[in-house]
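First comes the structure, then the notes that go with it.
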Amino acid sequence: MSGALLVGLPTLFLLLFFYYPLGQVFVEAFRSDGAGFQASPLWQTLSDAYFWDLLQFTALQALYSTLASVALGLPLAFILANYRFPLQGLVRSLTLVPFVLPSVTVALGFILFYGRQGPLNQVLDMLFGQRVQVLYSLTAIVLAHAFYNAPVVARAVYASWERLDPSCEESARSLGAGRWAVFRHVTLPLLFPGLVTGSLLAFIFSFMSFPIVLSLGGARFSTLEVEVYTQVRVLLNYPMGAALALIQTAFSLLLSYVYLLIEQRFTLEIPGVRERPRTPLFRFAPGNVAAVVYLLLLAVFYFGPVISVWLDSVGGRGGGPWNFAAYHTIFAREHSALIGDTPLEAIGNSLRFALGTVLVTLPLGTALAIGLSRRRFWGRRFLETLALAPLAVSSIAFGFGMLRTFRTGLFAGFSSETAIVLAHSVLAFPFVLRVLRPLFERLDRSLREAARSLGASGWRAFFDVELPLAAGGLLVAAIFAFSLSIAEMSAAIMLAEPGLMTMPLTVYHLLSARNFGSASAMAVVLMVITGIAFVVLERLGERLAKRTRAMQASDDSAATAASDAAGGSEKGAPPFDVFGM
Amino acid sequence: MYLECNGLVKRFGETTAVDNISFGIERGELVSLLGPSGCGKTTTLRLLAGFEAADVGDMYLDGRRLNGLPPEKRGVGVVFQHFALFPHMTVWQNIAYGLRFRRRSDRSDGEIVRELIRIVGLEGLEQRKPGQLSAGQQQRVAIARSLAPGPDLLLLDEPLSALDARLRQHLRMEIRRIQRMLGLTLLYVTHDQEEAMAISDRMIVMNAGRIEQMGEPWQVYHRPKTPFVAAFLGQTNRLRGTVERLDGTGWVIALEGTDTPRAVFPAKAVQAALKPGMAVDVVVPGERVMPEAQGSEGQGAAGASSAHGQTVVLAGLLQETEFLGSYARLYMTGPQGRPWTIRVPSLQMPWFNARIGQSVVCRFATDDAVVFEAHDGGA
Amino acid sequence: MSVNLPFSIGARRFSGRKALMLTLVWAAVLLAAVFGVGSAASAAEQPNLVVYTYDSFVSWGPAQEIAASFEEAYGAKVTFVAPTGSGEMLSRLIAEIETGGTQADVFIGLSDTQLPRAIQLGIFQPIQVEKIPNLANVPQELLVDPEYRAIPFDYGYVSFVYDRRAWPDDQLPASLEDLTDRRFAGRIIAIDPRTSSVGHAFLLWTIAEYGEDGYLAYWDRLKPSLLTITSGWSAAYAMFEEGEAPIVLSYTTDAAYSVYSGQGDRYGIILPGGQAYLQIELAGIVAGSDQVELAHAFLNHLLSPESQKLIPTTNWMFPANAATELPEVFEQYAVQPDNPVRLDHGLVDENNDRWLRDWAVEIRR
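Residue numbers (numbering that gives the first Met the number 0), protein chains in the order written: chain A, 0 to 580; chain B, 0 to 378; chain C, 0 to 364.
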């Protein structure tokens, strides 16, 4: 395999199926048919009060969502870092769960849990004779975003807290500072980076969120991301859709850039970390009681919607007899007009798309990871950034680009199925690359050379030595690609057509029609699949971490390279933690 | 020559890692490639192994041209600095790996692996994974593995640098033993001059991509061709002088800051084309400088001739002493304020009776010195 | 070769062939997975008629029964596709036709107000009237397209419906204006006129009532009363039935539904100002369909008395075929306002895009 091919093929893939489609959207946004920029959709949109209203709402809801996430996530980080209690490890890994819950299932859970006749209101009605109106308002959107992003904030802050050497606080105490002064002058400044990066991530995710706003917002609450969808798929106003997509892409790139800047600026290593002393949580003290109450409320907040979905899928809503009727409907072979497919086929489609995504991304990701780690060539960093860009670009805008290029553009001959698989591959590619890149970076190149000098050809050396050593990481990357594709809805909704529905789309259509039983059953199947993937990832991630540590132990120069590549792997975080962007 | 390299050049972008070097190795010879890090010795090895392609120059092994051949077709074995053992294979599988690619043989794989394991002394560890071995054992596996396919040439890239000092000494003798036993042709890359001198039939000293000197260890140590070689081999004691004239016994050189204003250096001590009036550096190995006991009157008068040529006397200020068992090191400020390090048998220490801060009178024979053209700025 | 070792080896050979094979197999699997499987639709042994319609025509309406009887009579398969409301389905159809073709042969559920746009975009082909004998029984005033690119199959009156268990009878709104009263705050479920024909009908009603200059101000006043604006009627009605809100935008036939479904007089009709908006639902044959004969047969079947008599108690609309016998519950409870609101089609076609846009801006304020 020549080095040029290793880097060239993945680059070509990204150029054709990411940059070109996105470029098409931009061209469309600027197209003015010779009437000057003032006639272009972009200018028209920018001079439209409607757009500014949209932008304002998008930013405002993202801001509220971020504040809610911080309010919810900070105490969790505090408790995880300073207390000791049973099942702590479980709670810590559960902070990853929102990532693997497809957001459309969370939207469904919210509708079921917070509905006027939902469990929350029933309990409130029983206790206080009052009901609260949460759904169909900004509150619902903000809460759902907090559901997703509080763990992001908590993880970021918790990681800084874990890295914070207790000796710092102790030496401040010994210098005469009181508890509060220590917290203000030492702890807080050291936690600040985690707080800022976590909040910024929460803002970015809320800014670009799609299924939640689409499902919970209604006509009155739509964000830029949802509006692109509405303009393109509902109102068929492609020029305005393109202009909005361009603006949305610009914003998402800008925000991600700011995030990277801040993250780099703030990465200060505090050497010589000692384990933090932790106090037992279950010991009577006012603070502890507050912490326990908070944890219980958190449990209701998180488990309420999810359990609502599970119960609803077996006929639990309305107190009817338990049954599996909903499952019968989703495993039925009959065509369902509501989703434009048979539900079983939707499951099959999802699995097939996910498999396709794995088959596309894994070889390409491996090639690029090897290509980038083997040679130091000009523009290497730039190329890597280009490859990671799909992380930072609005999926809806990208989906729109794919729609244009695969329906009327360059690839008009290809099927929509191909388009969906390629779209998912592009979206999964950065994740795969982020898993594989450090792996191949820390793979000692002399291993490969040793095999070559012993008589193995380049291919043979790859299959005999590099591949077996990378197997664990490849599996992690594969599961990542698989789960991402299974849960992805934004690009899919832009590209799907009757006969090509996916599981999240099915959930969405069923919940739009308020056919909750079937929606819940499908959501449960989806959660089970992503849940299994998550558990495998956790286990595998730990094993992989041990393995690489062992590899490093036998090779000290490789060890430094590896820890560089791992980007300062935090304690307690699995090595596949690519969520930190 | 069994291995011949002619005019090898390798550039990485702006930097020239290997700059037109030529050398050869005889069959069954152990040659070391010595130099500081970044001198191009590892690149030379990688050119030979086929991991890098030479920009210019040819390589022949037993008459076969190596240029352009992929690593697996060169018949060149490599032992890597960090051994590069396959962590997912057992000791046995590691050693047997290279046998997968043979076409046919009169001996089975098992026989060969067993024999190699015996040769390197790893009996009983066949089923271990590399992670379960000590560094020394890993090194032996690496050697056995590289030997399995029967390479025509074996390259060792700093094979001992990852080990501690005691193990290093032991293993280098092992390598020498195996090399002699099997009659291997071996190129040994190292930055450790003691290791190179201890192990080699011949050594090649490299600096900045060029070969500074080739020859037997004795020759290179005692007759360094360049100030760099002298410095790299630990000869840092320098005197500045000016060439006066050539007389019957050798070059007469005026020495600055010594008690011997001028001395005659025999032609064999001179490594430069000297001309009267030329500034030169006189380099003296530390162990050839004799300190005099404190208070005693100079036994040999300055300028006296002996079997080792003329004696030069100089004085230095003692800064520090180091007792190292069999010998001791004296650090002094020599003539013109240059640092001098001299080595004396430790038994002489009490006799010598030096105090820190006192002046020490030393002498050396011009036969033992090397004269280079002066170059400023150290080395 | 080397003679130094006590064993010798032969020339090294290229042994990556297996690896290469593996790669080729992978590439083949990849290609098959990505390009092959999905596009290889199995050739149907019987003709398949793909019908796009709105979701509630399937979940409430007579789609299944009509398909079954049609399949029996004609030996053809009918596949309904109806994931969303009628407005969104029409958009989907238009988008598919514009970008390389659609699977749809027939579209059911076009609202009369959407007709001019559909005609202008040429998404329907003219129907050969002689192939639809049942059209003879459709009253002239329902035949909104004289060129028969779309023909009516039912009609109804859009208005508000309330739940007597959650809303007192004496608090009903007397007029559209009364709906903006504070007592309705967060009590009404409306529907997006951009995605739903029902929602669109109500928007047109407000324009008919307040004029082009006044309707936006009305919506501004109405906003506090709206709990949410759903994208389709199905979702709105489901929310209503689940008790999320006591008042929903729907049809005047719902009183009949209330009785029919065994809930007595639970659901009552609100006729603000004694009015409701007339909506005629149309069906057409998609331009470019390769099942033209079958499509005609299907439309005739849709207008047949046996299909039409299913409409009142499933789709809860008035059948277009005047010869259809109405069920008693329908006769008795379905409200038919004397003076339904209608806006001129030409006017609607001319201004619709702007009205919708302005509405979307207003509703977000």
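Glycine included, each C-beta is placed from N, C-alpha and C at the ideal position.
Just so it is clear, the structure is predicted and the values come from calculations on it, not from any experiment.
Check: Which chain A residues are close to Tyr96 of chain B, counting only those with a beta carbon under 8 Å from its beta carbon?
Finding: Result: Ala450, Leu453, Ala455, Asp463.
Item checked: Sequence-distant residues of its chain with Cβ nearer than 8 Å to Leu137 of chain A (five each side left out) -> Answer for Leu137 of chain A: Gln60, Tyr63, Phe220, listed in chain order.
Item checked: C-alpha gap between Ala520 of chain A and Met526 of chain A, whole angstroms -> In this structure, the alpha-carbon of Ala520 of chain A lies about 10 Å from that of Met526 of chain A.
Notebook entry, point to check: Is the segment 77 to 85 of chain B touching the segment 136 to 151 of chain B, taking contact as three or more C-beta pairs under 8 Å?
Noted result: For the pair of segments examined, the segment 77 to 85 of chain B was found to touch the segment 136 to 151 of chain B: the number of CB pairs separated by less than 8 Å reaches three.
Item checked: Which of helix, strand or coil DSSP assigns to Arg148 of chain C -> Note: Arg148 of chain C maps to coil in three-state DSSP.
Check: Taking C-alpha atoms, which residue in C:Ser249, C:Glu280, C:Ser85, C:Thr252 lies nearest to Ile142 of chain C?
Finding: At residue 142 of chain C the sequence reads Leu, which differs from the Ile that was named. Shortest Cα-Cα distance from Leu142 of chain C to any of C:Ser249, C:Glu280, C:Ser85, C:Thr252 involves C:Glu280.
Margin query: Considering Cα atoms alone, identify which of B:Gly97, B:Thr43, B:Glu28 is closest to Gly182 of chain B.
Written below: Measuring from the Cα of Gly182 of chain B, the nearest candidate turns out to be B:Glu28.
Margin query: Starting from Gln212 of chain B, trace the beta strand (DSSP E) in both directions and tell me its first and last residue.
Written below: It spans 209 to 214 - the beta strand (DSSP E) in which Gln212 of chain B sits, taken as one unbroken run.
Next item on the list: Have a look at the DSSP bridge pairing and note the partners of Asn236 of chain B.
Entry: The secondary-structure analysis by DSSP pairs Asn236 of chain B across a beta bridge with B:Val283.
Notebook entry, point to check: Can you give the Cα-Cα distance for Val77 of chain C and Val197 of chain C, rounded to whole angstroms?
Noted result: Cα to Cα, Val77 of chain C sits roughly 26 Å from Val197 of chain C.
Item checked: Straight-line gap, Ser303 of chain C to Ala67 of chain C (C-alpha atoms, nearest Å) -> Each residue's alpha carbon lies about 14 Å from the other.
Note to self: Please identify, using Cβ separations under 7 Å, the residues of the segment 71 to 97 of chain B that lie next to chain A, in order along the chain.
What the structure shows: Only Glu71, Val75, Gly76, Val77, Phe79, His81, Ala83, Phe85, Pro86, His87, Tyr96, Gly97 from the segment 71 to 97 of chain B bring a Cβ to less than 7 Å from some Cβ of chain A.
Next item on the list: With a threshold of 16 other CB atoms inside 10 Å of the CB of Thr14 of chain B, please say whether the residue is buried or exposed.
Entry: Around the Cβ of Thr14 of chain B, a 10 Å sphere holds fewer than 16 other Cβ atoms; the residue is exposed.
Check: Does the distance from the C-beta atom of Met401 of chain A to that of Ala418 of chain A stay below 7 Å?
Finding: For Met401 of chain A and Ala418 of chain A, yes; Cβs fall inside 7 Å.
Notebook entry, point to check: So is Asp554 of chain A in contact with chain B if we call contact Cβ pairs under 7 Å?
Noted result: Confidence at Asp554 of chain A is low in this model, with a pLDDT of 43, below 50, so the placement of that residue is unreliable and no value is reported for it.
Next item on the list: Output, in chain order, the set of chain A residues within a Cβ distance shorter than 8 Å of Pro148 of chain B.
Entry: Chain A residues near Pro148 of chain B: Leu453, Gly454.
Checklist line | 6 Å CB neighbourhood of Ala314 of chain B in its chain, flanking five on each side removed | finding: Apart from the 5 residues on each side of it in sequence, Ala314 of chain B sits with its Cβ closer than 6 Å to the Cβ of Ser358, Val360 in its chain, given in chain order.
Notebook entry, point to check: Taking Met196 of chain B as the reference, which of B:Val228, B:Ala207, B:Met180, B:Leu166 has the closest Cα?
Noted result: Considering only B:Val228, B:Ala207, B:Met180, B:Leu166, the residue with the shortest C-alpha distance to Met196 of chain B is B:Val228.
Checklist line | For Phe268 of chain C, the three-state DSSP class (helix, strand or coil) | finding: Note that residue 268 of chain C is Ile in the sequence shown, not Phe. Here Ile268 of chain C sits in strand by DSSP.
Next item on the list: Output, in sequence order along the chain, the residues in the segment 406 to 418 of chain A whose CB is closer than 7 Å to any CB in chain C.
Entry: Within the segment 406 to 418 of chain A, the residues whose Cβ lies closer than 7 Å to some Cβ of chain C are Arg406, Thr407, Ala411, Ser414, Glu416, Thr417, listed in chain order.
Note to self: Against chain C, which members of the segment 360 to 371 of chain A pass a CB distance test of less than 8 Å?
What the structure shows: Correct list: Pro362.
Checklist line | Coil, strand or helix - Asn352 of chain B by DSSP | finding: Looking at Asn352 of chain B - three-state DSSP - the assignment turns out to be coil, as it is neither helix nor strand.
Check: Looking at the structure shown, is Ile122 of chain C part of a helix, part of a strand, or coil, going by DSSP?
Finding: Looking at Ile122 of chain C - three-state DSSP - the assignment turns out to be coil, as it is neither helix nor strand.
Checklist line | Short Cβ contact (7 Å threshold) for Glu157 of chain B with Thr189 of chain B | finding: Contact flag set, yes.
Notebook entry, point to check: Thinking C-beta only, is Arg273 of chain A closer than 7 Å to Pro118 of chain A?
Noted result: With respect to the 7 Å criterion, Pro118 of chain A and Arg273 of chain A are not classified as neighbours on the basis of their beta carbons.
Note to self: Using the Cβ count rule (16 or more neighbours within 10 Å means buried), how would you classify Asp554 of chain A?
What the structure shows: With a pLDDT of 43 at Asp554 of chain A, under the threshold of 50, the predicted position of this residue should be treated as unreliable, and no value is reported.
Item checked: Cβ separation of Ala149 of chain C and Leu92 of chain C, assumed to be a contact under 8 Å, to the nearest whole Å -> About 12 Å; that fails the 8 Å criterion.
Notebook entry, point to check: With 16 other CB atoms within 10 Å as the buried threshold, where does Leu7 of chain B fall?
Noted result: With a threshold of 16 other beta carbon atoms within 10 Å, Leu7 of chain B meets it and is buried.
Checklist line | Check whether Ala189 of chain C and Ile228 of chain C have beta carbons under 7 Å apart | finding: Yes, the pair counts as a contact, with Cβ atoms nearer than the cut-off.
Item checked: Supposed close pair Ser205 of chain A, Ala106 of chain A - CB separation, criterion 8 Å -> Not confirmed; about 14 Å, so no contact.
Next item on the list: Please list the segments of the beta strand (DSSP E) lying wholly inside the segment 166 to 191 of chain C, counting only runs of 3 or more residues, in order along the chain.
Entry: If we require 3 residues or more, the beta strand (DSSP E) runs fully inside the segment 166 to 191 of chain C come out as 187 to 190.
Note to self: Please classify Ser230 of chain C as buried or exposed, where buried requires at least 16 neighbouring CB atoms within 10 angstroms.
What the structure shows: By the neighbour-count rule (16 or more Cβ atoms within 10 Å), Ser230 of chain C is buried.
Notebook entry, point to check: Could one say the Cβ of Ser159 of chain A lies closer than 7 Å to chain B's Cβ atoms, at least one of them?
Noted result: Interface residue (Cβ-Cβ distance to chain B less than 7 Å): Ser159 of chain A is not classified as such.
Next item on the list: Determine the chain A residues that contact Ala48 of chain B at a beta-carbon separation under 9 Å, and present them in chain order.
Entry: Residues of chain A passing the Cβ test: Glu448, Arg451, Ser452.
Margin query: Using C-beta distances below 7 Å, list every residue in its chain close to Pro61 of chain C, excluding the 5 sequence neighbours before and after it, in chain order.
Written below: Ser306, Leu309, Ile310, Thr313, Asn314.
Note to self: Quick check: what's the CA-CA separation for Val340 of chain C versus Arg406 of chain A?
What the structure shows: Counting only the Cα atoms, Arg406 of chain A lies some 41 Å from Val340 of chain C.
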